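Below is one structure; the comments refer to it alone.
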């Protein structure tokens with residue numbers, strides 16, 4: 001199982017960024033997926049869930065209305081569109097596989113820095 | 001959803017046992033038998049070491065064990081080794097396909 005995130009970088013407040021996660025080594029379309037972030041000096045924070053067929057999507061209150069999760073099963077890819085970014089969104093963002101009763105595999109993460 | 005409560009740091013000597021606590025509420029830890037623990041070394045992604053409170057994934061040492069009582073879950077590491085020095089985070093299912101994490105515990109092996 002391999003999950004490789006990309007798309008992070010430096011962005012100004014109120015800007016946008018789109019993160020990608022390339023999945024390999026398993027049948028991507030058979031698994032729900034999540035995005036989780038780790039902010040400096042804080043713990044891990046669950047952000048979003050998307051079901052296998054994209055029929056269900058859930059978000060943490062902290063990002064609801066600003067972030068949008070999507071996936072392309074034909075491309076084995078997961079995405080996170082982040083709009084209206086704030087300084088407090090600065091974090092390492094992880095793509096995480098969901099095995100229903102636990103989150104099992106994590107990527108290495110991609111760093112997002114929101115600063116002017 | 002408030003974060004689960006963990007001690008910020010712990011330390012132990014090689015060969016000792018340590019226990020990391022993780023306190024939640026009756027809406028998460030106390031309501032579901034779905035607590036997991038993750039080990040994270042600097043620059044790496046989190047690695048699953050305990051799931052469903054007490055189970056170990058294949059390849060994880062039996063020096064790692066988990067338990068739960070009420071709203072508090074615990075991770076015990078026995079026979080501490082230098083490579084156990086890492087950050088440990090607990091996680092609980094919180095309903096509606098959402099998860100809540102602890103603030104993380106930095107373990108130092110003296």
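Residue numbers (the numbering used here), protein chains in the order written: chain X, 1 to 116; chain V, 1 to 110.
A virtual CB, placed ideally from N, CA and C, is assigned to each residue, including glycine.
A quick note: this is a predicted structure, and the numbers were derived from the prediction, not measured.
{"Query": "Take the Cβ of residue 73 of chain V as the centre, count every other Cβ of all protein chains shown within 10 Å, and call the residue buried at 16 or more, exposed below.", "Result": "buried"}
{"Query": "By Cβ distance, which residues of its chain are closer than 6 Å to residue 28 of chain V, with the 5 residues on each side in sequence left out?", "Result": "92, 94, 100"}
{"Query": "Compare the C-beta of residue 88 of chain X with all C-beta atoms of chain V and state if any pair is closer than 8 Å.", "Result": "no"}
{"Query": "Taking only beta carbons into account, state which residues of the stretch 11–43 of chain V come closer than 7 Å to chain X, listed in chain order.", "Result": "34, 36"}
{"Query": "Return helix, strand or coil for residue 3 of chain V, following the three-state DSSP convention.", "Result": "coil"}
{"Query": "Since residue 22 of chain X and residue 76 of chain X should fall inside the 8 Å C-beta cutoff, what is the C-beta to C-beta distance between them, to a whole number of angstroms?", "Result": "7 Å"}
{"Query": "What residues in its chain sit with their C-beta under 6 Å from that of residue 104 of chain V, if we drop five residues either side in the sequence?", "Result": "87, 89"}
{"Query": "Please check the pair residue 4 of chain V and residue 101 of chain X, which I expect to be a contact at CB under 8 Å, by giving their CB distance rounded to whole angstroms.", "Result": "Rounded, the Cβ-Cβ distance is 17 Å, inconsistent with contact."}
{"Query": "Consider the Cβ of residue 107 of chain V: report whether some Cβ of chain X lies at a distance smaller than 8 Å.", "Result": "no"}
{"Query": "Taking just the CA atoms, how far does residue 18 of chain V sit from residue 3 of chain X?", "Result": "32 Å"}
{"Query": "Quick one: does residue 64 of chain V have its CB under 8 Å from some CB of chain X?", "Result": "no"}
{"Query": "Name the residues in the stretch 85–109 of chain X whose C-beta lies less than 7 Å from a C-beta of chain V; which are they?", "Result": "94, 101, 102, 103, 104, 106, 107, 108, 109"}
{"Query": "When the Cα atoms are used, what is the spatial distance from residue 13 of chain V to residue 32 of chain X?", "Result": "40 Å"}
{"Query": "Examine chain V for any beta-carbon lying closer than 8 Å to the beta-carbon of residue 15 of chain X, and answer yes or no.", "Result": "no"}
{"Query": "Any C-beta of chain V sitting closer than 8 Å to the C-beta of residue 78 of chain X?", "Result": "no"}
{"Query": "If you drop the 5 nearest sequence neighbours on each side, which residues of the same chain put their C-beta closer than 6 Å to that of residue 11 of chain X?", "Result": "17, 85, 114"}
{"Query": "Could you have a look at residue 56 of chain X and say whether DSSP puts it in helix, strand or coil?", "Result": "coil"}
{"Query": "Any beta carbon of chain V sitting closer than 8 Å to that of residue 65 of chain X?", "Result": "no"}
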